[in-house]
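Below you'll find the structure, written out as structure tokens, and then a few comments.
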Amino acid sequence: MTLWELIRRESSGEGRSLIASATLAGGANALGIALINAAATEGGEKVRSFILIALCVLLYIVCSRRTYHRTTAIIEQALKKIKLRVIDKIERADLQGIERLGTSEIYDRITENMSVVSDSAGITANFLQSLCILACASIYILSLSPPAFMLLMLLNGVGMMRYFARNTEIGEHLREVARKRVTFFDQITDMLKGVKEMRLSRRRAQDVRQDISVTTEELRSATVNANNLFNDNLILAQCVLFVLLITMVFVLPQHVSIDSVKVTTLVGAVLFFWSPLGGAVGGMPAYKRSNMALANIEALEEKLERAARGVVPPEKAEDPWKGEFSTIEMDDVRFAYATEADEHAFQIGPMNLSITRGEVVFVVGGNGSGKSTFMKVLMGLYPVTSGTLCLDGTQIRAENVASYREMFSVIFADFHLFSKLYGVLDADEQLVQRLLKQMQIADKTSYVDARFTTRSLSTGQRKRLAMIVSLLEDRPICVFDEWAADQDPEFRRYFYDELIPSLKARGKTVIAVTHDDRYFHYADRVVTLEYGQVKSIEEHATRSKAAPVG
78 MTLWELIRRE SSGEGRSLIA SATLAGGANA LGIALINAAA TEGGEKVRSF
128 ILIALCVLLY IVCSRRTYHR TTAIIEQALK KIKLRVIDKI ERADLQGIER
178 LGTSEIYDRI TENMSVVSDS AGITANFLQS LCILACASIY ILSLSPPAFM
228 LLMLLNGVGM MRYFARNTEI GEHLREVARK RVTFFDQITD MLKGVKEMRL
278 SRRRAQDVRQ DISVTTEELR SATVNANNLF NDNLILAQCV LFVLLITMVF
328 VLPQHVSIDS VKVTTLVGAV LFFWSPLGGA VGGMPAYKRS NMALANIEAL
378 EEKLERAARG VVPPEKAEDP WKGEFSTIEM DDVRFAYATE ADEHAFQIGP
428 MNLSITRGEV VFVVGGNGSG KSTFMKVLMG LYPVTSGTLC LDGTQIRAEN
478 VASYREMFSV IFADFHLFSK LYGVLDADEQ LVQRLLKQMQ IADKTSYVDA
528 RFTTRSLSTG QRKRLAMIVS LLEDRPICVF DEWAADQDPE FRRYFYDELI
578 PSLKARGKTV IAVTHDDRYF HYADRVVTLE YGQVKSIEEH ATRSKAAPVG
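Numbered per the working numbering, the sequence shown spans residues 78 to 627.
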């Protein structure tokens, strides 16, 4: 897709109108110069010529302003749509597809490449006009005179003063653009790092998308305002040119000894080598860079589309369980990582396992045993390669997996804390403050406006924040991947002695990846994995001790 195709697609039928505006602006420019040249070389009524030239100038200002402003608005609106479309595709894409794609390409395409396209708006409009002017002005090649040079410097000085007078306002808009771009980048980082958590909460995903949508609209508005001022400055430069030419024809001959032939030569030289040539030559590289950037963005969208192929949108998902369940069953479940070549990839299975409501299951195993992969398959984040994963006898399929994921509240080993409590924005503030005190981090961070005031804490403290979010979600299945690994002895004991029994007493199913064998007696069963398979399942009689949480 080229830049012009983007404009034509997003202009809602304005493409021809834009071309007409640019042509009229360029034609008025050239006609005005021709009239000035005729007035300078021929006799006749000067007042009539002056009026016609003034009308040409007015027509140029109106058409040129519309061309610049509408081109900017159309491109920025198109980029807003592309950004939100990419966000939608990331939200829908398969987790494996996102992991294979990585974040660097996504960041580059939706920041740097889109900036290239955004910056090309004014250059594109100027390029269109410059081509038209050059077509009409190629016959005028003349030279300058000293008095004309003095006049040129004077008028340029006046134009520069007006230009710098706008710098403060332009600077304010550009600073706002920079702030909003940083915010957008941070929100995208939040989304990509928390993509697993979003898969398990439709409300959280919707909240994240809403925040990003607000930021993109603010970014669009600030960028349009800044670019409009830049474009007005370009129009001012052309107006200075007209004033210069008019002065050369009507004023300069009254004060300087100069014949009509010299005036004609001067007018042609100033006109034909100033604006149109620079606009045409300067616009072509920007146009090519924009086309390349759009091709890169299209390639990213195609990759995300492939990653989302076969995924049913959450709003269309079936929900046969309504948040309730009795048993999860894995029957000969296998999973293998997809590779681009037919090379050997890590796989798990066959696995046969059932987990009942209210049960505490510990999952253990060495590094590379498949614990993390097993957990992602169990939660429906990775699709089963073969075998069946069922909830209360209903097989997990693309049509219902989104509802199945809503059963789980998870703290991953590489967990992510969002900037806000997405998914639980309506959480009771007093309950959150009570949980902060219970987790002994109330002196480290606070809960204000649906967000924690700081997330820059130690790993153990950040895990406690994640635990608070998990408790607020109040899902039937709690999954903790090495949660106690980064806790001090006191909180490690709290996790096993109080928190897990309390969750079990409330009817929650707890699945915890752990290596703390001294606490295995708190589990109903301990599942040991080795080389991607279930090595053993050990039954335990758990204690009934439970302390209230929250």
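All C-beta atoms, glycine included, are put in the ideal place defined by N, C-alpha and C.
Measuring only the C-alpha atoms, how far is S337 from E122? 15 angstroms
Would the beta-carbon of I151 fall within 9 angstroms of that of E87? yes
Local Cβ density within 10 Å of L296, reported as buried at 16 or more and exposed below that: buried
Integer-rounded CB distance, given that F439 should sit under 8 angstroms from A282: Actually they are not in contact, since the Cβ atoms of A282 and F439 sit about 30 angstroms apart, beyond 8 angstroms.
Cβ-based burial, S197 [other Cβ within 10 Å; buried from 16]: buried
Cα separation between L83 and G174? 27 angstroms
Among L129, G447 and K581, the one whose alpha carbon lies nearest that of D601: K581
Exposure of K612, with buried meaning 16 or more beta-carbon neighbours within 10 Å: exposed
Secondary structure at N429, three-state DSSP: helix, strand or coil? strand
Note down, in chain order, each residue of its chain lying with its Cβ closer than 8 angstroms to the Cβ of E401, except the 5 sequence neighbours on either side. P553
If distances are taken between C-alpha atoms only, which option among S579, S192 and R541 comes closest to E567? R541
If I'm right that F489 touches D558 with Cβ under 8 angstroms, what's the distance once you round it to whole angstroms? 5 angstroms
Based on the DSSP output, what are the partners of I405 in its beta bridges? I432 and L468
Buried or exposed: I110, going by 16 or more other Cβ atoms within 10 Å of its Cβ? buried
In terms of residues, what are the limits of the alpha helix (DSSP H) holding S298? R279 to F327
CB K497 to CB D288, shorter than 9 angstroms? yes
Quick check: the stretch 302-319 against the stretch 527-540, are there 3 or more CB pairs under 8 angstroms? no
At least three beta-carbon pairs within less than 8 angstroms, the stretch 503-520 to the stretch 460-473: no
Return the CA-CA distance between A638 and A102, expressed in angstroms with no decimal places. The requested residue 638 does not occur in the structure, where the chain is confined to residues 78 to 627.
Spatial neighbours of H332 within its chain, please: C-beta separation below 6 angstroms, excluding the five flanking residues on both sides. none
Please state the DSSP three-state secondary structure of A107. helix
Sub-9 angstroms separation of L251 and T324 beta-carbons: no
Does the Cβ of P397 have 16 or more other Cβ atoms within 10 Å, making it buried, or fewer, making it exposed? exposed
Quick check on DSSP: helix, strand or coil for S222? coil
Using the Cβ count rule (16 or more neighbours within 10 Å means buried), how would you classify I128? exposed
Which class does Q564 belong to by DSSP, given the choice of helix, strand or coil? coil
Where N308 and V291 are concerned, what is the direct C-alpha to C-alpha distance, given to the nearest angstrom? 26 angstroms
Beta-ladder partner(s) of Y524, from DSSP: F529
Contact set for E375: own chain, Cβ-Cβ below 8 angstroms, skip 5 residues either direction: M78
Considering Cα atoms alone, identify which of F412, L430 and N244 is closest to Q424. F412
Using DSSP's beta-bridge definition, name the partner residues of T605. V441 and S613
Those residues which DSSP pairs with A589 across a bridge: F439 and F557
Hey, could you find the ends of the beta strand (DSSP E) V487 is sitting in? F485 to I488
So the candidates are Y524, N310 and R125; which of them puts its Cα closest to the Cα of L513? Y524
Tell me Q264's beta-bridge partners as DSSP assigns them. Partner(s): none; Q264 has no beta bridge.
Which of helix, strand or coil DSSP assigns to F412: strand
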